[in-house]
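Residue numbers (the working numbering): 13 to 209.
Beta carbons: idealized from backbone N, C-alpha and C, even for Gly.
This one's a predicted model, so the numbers in the text were calculated from it and none came from an experiment.
First comes the structure, then the notes that go with it.
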């Protein structure tokens with residue numbers, strides 16, 4: 013367990029991780045594992061559909077998923093500490109982020125703990141990264157992405173890079189996770205750098 017951090021103690025970062033019902037929960041699971049390796053304190057909130065996907069895509073149960081985080085919360089617990097700006101989180105990543113969750117965040121609905129934590133992240137001017145998962149995008153999706161971007165969030169579709177010649181899906185997922193860690197300012201992030209031809 014990582015010790016609790018104050019606002020000035022962010023070399024060891026405190027990160028909220030959200031998982032929603034979009035396909036691609038492997039991104040969130042890998043992110044939780046890497047954040048732990050990097051001595052970051054993690055706070056997990058998974059939507060009911062996110063938990064279904066974790067079971068369907070990875071064969072993990074709720075307890076196995078929650079064991080990957082320092083703290084885990086029920087998405088209906090709107091009074092949890094991550095719902096307040098006084099909880100000094102460094103950043104929040106929603107991986108994967110469904111279009112429903114994107115819309116709720118873009119509109120500031122705060123209709124669950126996950127979307128409330130995202131709203132708090134934006135209002136406190138902290139880093140919010142959304143690994144949005146859908147294709148193709150319709151106009152509502154695009155407008156919601158613009159809205160979140162205008163509020164300071166980062167829209168990060170987990171699109172694989174191929175210049176480092178990945179040999180498996182896992183390598184592509186790992187590279188995306190390293191890029192997210194880099195955006196979070198985690199010193200141990202190790203994305204592959206393009207050095208030119």
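Outcome for residue i when other beta-carbon atoms lying within 10 angstroms are tallied against a minimum of 16
i           : result
residue 186 : buried
residue 161 : exposed
residue 152 : exposed
residue 131 : buried
residue 209 : exposed
residue 196 : buried
residue 154 : exposed
residue 128 : buried
residue 147 : exposed
residue 92  : buried
Strand pairing of residue i, partner residues [DSSP]
i           : result
residue 31  : 58
residue 26  : 53
residue 167 : 142
Reduced DSSP category for residue i - H, G, I as helix; E, B as strand; rest coil
i           : result
residue 103 : strand
residue 194 : helix
residue 116 : helix
residue 140 : strand
residue 85  : strand
Close Cβ partners of residue i (< 6 Å) along its chain, the five nearest in sequence each way excluded
i           : result
residue 166 : 141
residue 52  : 25 and 27
residue 84  : 56 and 78
residue 36  : 108 and 145
residue 156 : 114, 115 and 118
residue 178 : 184
residue 172 : 184
residue 211 : One cannot answer for residue 211 here, as it falls past the ends of the chain, which runs 13 to 209.
residue 206 : 175
residue 168 : 141 and 143
residue 200 : 50
Own chain, CB closer than 7 Å to residue i, minus 5 neighbours either side, in chain order
i           : result
residue 189 : 39, 42, 43 and 46
Residues near residue i in its chain [Cβ-Cβ closer than 8 Å; skip 5 each side]
i           : result
residue 112 : 32 and 33
residue 137 : 164
Within-9 Å CB hit, residue i to chain B
i           : result
residue 135 : Given the protein chain composition of this structure (a single chain), no chain B is represented.
Three CB pairs or more closer than 8 Å across the region 100-112 and the region 28-38: yes
Three or more C-beta pairs below 8 Å linking the region 63-81 and the region 135-145: no
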